[in-house]
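J.: Protein sequences appear in the order of chains F and C. Offset between the first sequence (1-based) and my numbering: plus 1261. Offset between the second sequence (1-based) and my numbering: plus 1261. Ideal placement from N, C-alpha and C gives every residue a C-beta, glycine not left out. Fair warning: this is a prediction, and the values are worked out from it, not measured in the lab.
Number of protein chains: 2
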Amino acid sequence: MVKILSEKLNIINKKNGSIFPILKSTSEFFSSFGEVYISSLDSGVTRAWKKHKSLVQYFVVPIGEVKFVFLVDEKKGKNRFKEIIIGESNYSFIKVPSNVWYGFSNICSNTSYVVNVIDLPHSEGNSESRDYKDNPLEGYSW
Amino acid sequence: MVKILSEKLNIINKKNGSIFPILKSTSEFFSSFGEVYISSLDSGVTRAWKKHKSLVQYFVVPIGEVKFVFLVDEKKGKNRFKEIIIGESNYSFIKVPSNVWYGFSNICSNTSYVVNVIDLPHSEGNSESRDYKDNPLEGYSW
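1) Quick one, which of F:1294, F:1288 and F:1322 has its alpha-carbon nearest residue 1351 (chain F)'s?
2) Identify which residue in F:1327, F:1365 and F:1316 has its Cα closest to the Cα of residue 1387 (chain F).
3) Skipping 5 residues on each side, what residues in its chain have a beta carbon closer than 8 Å to that of residue 1303 (chain F)?
4) Closer than 9 Å by beta-carbon distance: list the chain C residues that pair up with residue 1266 (chain F), in chain order.
5) Show which residues of chain C have a CB atom less than 7 Å away from the CB atom of residue 1294 (chain F).
6) Evaluate contact between the segment 1376 to 1393 of chain F and the segment 1319 to 1333 of chain F, counting only Cβ atoms and requiring at least three cross-stretch pairs below 8 Å.
7) Extract the residue ranges of the beta strand (DSSP E) inside the segment 1272 to 1334 of chain F, only unbroken runs of 3 or more that lie entirely within it.
8) Three or more C-beta pairs under 8 Å: does that hold for the segment 1289 to 1297 of chain C against the segment 1327 to 1347 of chain C?
9) With a threshold of 7 Å between beta-carbons, can residue 1302 (chain F) be considered close to chain C, or not?
10) For the segment 1266 to 1280 of chain F, which residues have a CB atom closer than 7 Å to at least one CB atom of chain C, in sequence order?
11) Where DSSP assigns a beta bridge to residue 1268 (chain F), which residues make up the other side?
12) Does the distance from the CB of residue 1280 (chain F) to the CB of residue 1300 (chain C) come in under 7 Å?
13) Listed from N- to C-terminal order along the chain, which residues in the segment 1316 to 1348 of chain F have their beta-carbon within a distance smaller than 8 Å of any beta-carbon of chain C?
14) To the nearest angstrom, how far is the alpha carbon of residue 1305 (chain F) from that of residue 1348 (chain F)?
15) Using beta carbons (cut-off 7 Å, strictly below), is residue 1298 (chain C) in contact with chain F?
16) Quick one: what's residue 1343 (chain C) bridged to in DSSP?
17) Looking at the C-beta of residue 1357 (chain F), does it have a partner C-beta in chain C at a distance below 7 Å?
18) Measuring straight from C-alpha to C-alpha, what distance separates residue 1271 (chain F) and residue 1283 (chain F)?
19) In chain order, what residues of the same chain have a beta carbon less than 6 Å from the beta carbon of residue 1390 (chain F), not counting five sequence neighbours either side?
20) Counting only C-beta atoms, is residue 1397 (chain C) closer than 7 Å to chain F at any point?
21) Could you check where the beta strand (DSSP E) with residue 1400 (chain C) kicks off and where it finishes?
22) Comparing alpha-carbon positions, which option in F:1314, F:1402 and F:1364 lies nearest residue 1406 (chain F)?
23) For residue 1344 (chain F) and residue 1334 (chain F), I'd like the C-alpha separation in whole angstroms.
24) For the putative contact between residue 1363 (chain F) and residue 1307 (chain F), defined by C-beta atoms under 8 Å, what is the C-beta separation to the nearest angstrom?
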């Protein structure tokens, strides 16, 4: 079964604002830096399914609330999925190994913002996707 | 005079959300990765002045609008400052060399979010700060 790491990060509240730590090079969860970007997602929107062949992903959600779902054990008729909700009220990272089908859905009433740090820069042909509506994964309905 | 780099980044608009590129390891503006974090800043709030002795900073503002100010030429009685406004309506990065006094102010009516990518992880004693109210820099008033 695939192991999806997720651990709490400590928001530092300051006068008139906060610091949201994301990732340090000295973290045990850091390997190498390829790219960092942010995806915004309107309320209620789902993006699924995706899989990256070689890159490792590291997600945080400083604004909003997002449900991530991972296919952690792939067996015909017995697929197993792991759900993890992160966001403002559970400020945590999720680290996703390569070659895992995943998807995510904005479950709050406002736009959510997902920060993604990947260990290699994006390149064409490095990822697969299948539409969760037309081509669902057996055993999970969004 | 200190050179502060700032260039436009292209937001990719998708159905029901957007992608905000921040930094890639293949960018000519990337040197090394130390840490990435986000600072939120309430409307109208100013944080100034700060200076980092050895680290290089790379800022983007995906949400809100922030005015950055840099002391680019320090001469008694003739300090020169550079102002750069970045945010949702001017989605750009700013790259700041080490040893530059800088400050920033949230000039929009909502909370702004500043993403900061630095080339070394933060450490104590690596930065200086002086309160812009009690100890202003000659030639600039916030």
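T.: Walking through what the data contain:
1) Along the first sequence, read from residue 1 onward, the residue named residue 1351 (chain F) stands at position 90. Looking at the Cα atoms, F:1322 is the closest of the given residues.
2) In the first sequence, the residue the question calls residue 1387 (chain F) occupies position 126. Closest by alpha carbon: F:1316.
3) Position 42 of the first sequence, counted from the first residue, corresponds to residue 1303 (chain F). Taken in chain order, the residues that qualify are 1367 and 1372.
4) Walking along the first sequence from the start, residue 1266 (chain F) turns up at place 5. Chain C residues near residue 1266 (chain F): none, gap ~18 Å exceeds 9 Å.
5) Position 33 of the first sequence, counted from the first residue, corresponds to residue 1294 (chain F). What residue 1294 (chain F) touches in chain C: 1286 and 1294.
6) yes
7) 1273 to 1275, 1278 to 1285, 1296 to 1302, 1307 to 1313, 1318 to 1324 and 1326 to 1334
8) no
9) The count along the first sequence starts at 1 and reaches residue 1302 (chain F) at position 41. Taking Cβ atoms only, chain C reaches closer than 7 Å to residue 1302 (chain F), which makes this a yes.
10) 1277, 1278, 1279 and 1280
11) Translated into the one-based positions of the first sequence, residue 1268 (chain F) becomes position 7. Partner(s): F:1354.
12) Against the first sequence, residue 1280 (chain F) aligns to sequence position 19. Against the second sequence, residue 1300 (chain C) aligns to sequence position 39. A contact, by the Cβ cut-off of 7 Å.
13) 1323 and 1324
14) Numbered from its first residue, the first sequence carries residue 1305 (chain F) at position 44. Numbered from its first residue, the first sequence carries residue 1348 (chain F) at position 87. Between residue 1305 (chain F) and residue 1348 (chain F), the C-alpha separation is close to 14 Å.
15) Translated into the one-based positions of the second sequence, residue 1298 (chain C) becomes position 37. Taking Cβ atoms only, chain F reaches closer than 7 Å to residue 1298 (chain C), which makes this a yes.
16) As a first step, residue 1343 (chain C) must be located in the second sequence, where it is residue number 82. Per DSSP, C:1331.
17) The sequence position of residue 1357 (chain F) within the first sequence is 96, counting from 1. Not one chain C Cβ lies under 7 Å of residue 1357 (chain F).
18) To locate residue 1271 (chain F), count along the first sequence from 1; it is residue 10. To locate residue 1283 (chain F), count along the first sequence from 1; it is residue 22. Residue 1271 (chain F) and residue 1283 (chain F): Cα-Cα distance of roughly 9 Å.
19) What you label residue 1390 (chain F) is simply residue 129 of the first sequence in a count that begins at 1. So the qualifying residues of the chain are 1311.
20) Stepping through the second sequence from its first residue, residue 1397 (chain C) is reached at position 136. Not closer than 7 Å to any Cβ of chain F, the Cβ of residue 1397 (chain C) fails to qualify, so no.
21) For this step, residue 1400 (chain C) is matched to residue 139 along the second sequence. No beta strand (DSSP E) holds residue 1400 (chain C); DSSP gives it neither H nor E.
22) The shown model of chain F, from 1262 to 1403, leaves out residue 1406 (chain F), and the question about it has no answer.
23) If you number the first sequence from 1, residue 1344 (chain F) lands on position 83. If you number the first sequence from 1, residue 1334 (chain F) lands on position 73. If I take the Cα positions, the gap works out to 13 Å.
24) Here residue 1363 (chain F) corresponds to residue number 102 of the first sequence, with the count starting at 1. Here residue 1307 (chain F) corresponds to residue number 46 of the first sequence, with the count starting at 1. Contact doesn't hold; Cβ gap of about 12 Å is too wide.
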